[in-house]
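Student: Residue numbers (this note's numbering): 804 to 931. The structure is given below, and queries will be raised subsequently.
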């Protein structure tokens with residue numbers, strides 16, 4: 804290979820490396836931004852829906868329209884039911900955690916009181 808071609812190939816290889824690094828950086832940034840936008844989003848899967856086929860959608864000319872109102876109502880009901888179930892679960896967890904926390908606090912208080920009592924008796928020279 805002539806020297807000019809070698810230099811050009813090296814330049815192109817370096818350019819490809821630089822572009823690859825830039826692409827990786829941009830992909831990483833896109834992932835970070837997507838995670839940020841999803842941070843407060845909620846995806847609920849498993850809802851029962853009636854999907855239109857591509858052919859019926861194209862034939863009907865209803866491009867970009869939402870689902871029919873009756874389907875939207877059933878979806879809304881499913882989501883409400885989902886949140887009601889979650890609320891019950893979260894409240895039950897909070898109740899359990901409060902009970903566990905109060906048990907731990909009670910145990911710590913009993914231990915501290917026993918330690919203070921030991922200190923009191925040992926300060927007076929008596930043994931327990």
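Glycine is no exception: its CB is placed at the ideal position from the N, C-alpha and C atoms. Values in this document were obtained by computation on a predicted structure and should not be read as measured data.
How far does the alpha helix (DSSP H) with residue 845 in it reach, from first residue to last?
Tutor: Segment: none, residue 845 is in no alpha helix (DSSP H) and carries neither H nor E.
Student: Between the alpha carbons of residue 916 and residue 907, how many angstroms are there, rounded?
Tutor: 14 angstroms
Student: If we call anything under 9 angstroms between Cβ atoms a contact, is residue 851 one with residue 877?
Tutor: Contact flag set, yes.
Student: Enumerate in chain order the residues of its own chain whose CB-to-CB distance from residue 823 is below 7 angstroms, with the five nearest sequence positions on each side excluded.
Tutor: Answer for residue 823: no residue qualifies.
Student: Determine the direct distance from the alpha carbon of residue 849 to that of residue 811, and round the result to whole angstroms.
Tutor: 56 angstroms
Student: From the DSSP output, in three-state form, read off residue 899 for me.
Tutor: helix
Student: Helix, strand or coil: how does DSSP classify residue 851 here?
Tutor: coil
Student: Less than 8 angstroms between the CB atoms is what I'm expecting for residue 882 and residue 847, so what's the real figure, rounded?
Tutor: Confirmed, Cβ separation roughly 6 angstroms.
Student: For residue 805, name the three-state secondary structure that DSSP assigns.
Tutor: coil
Student: Do you know how far the Cα of residue 815 is from the Cα of residue 833?
Tutor: Each residue's alpha carbon lies about 26 angstroms from the other.
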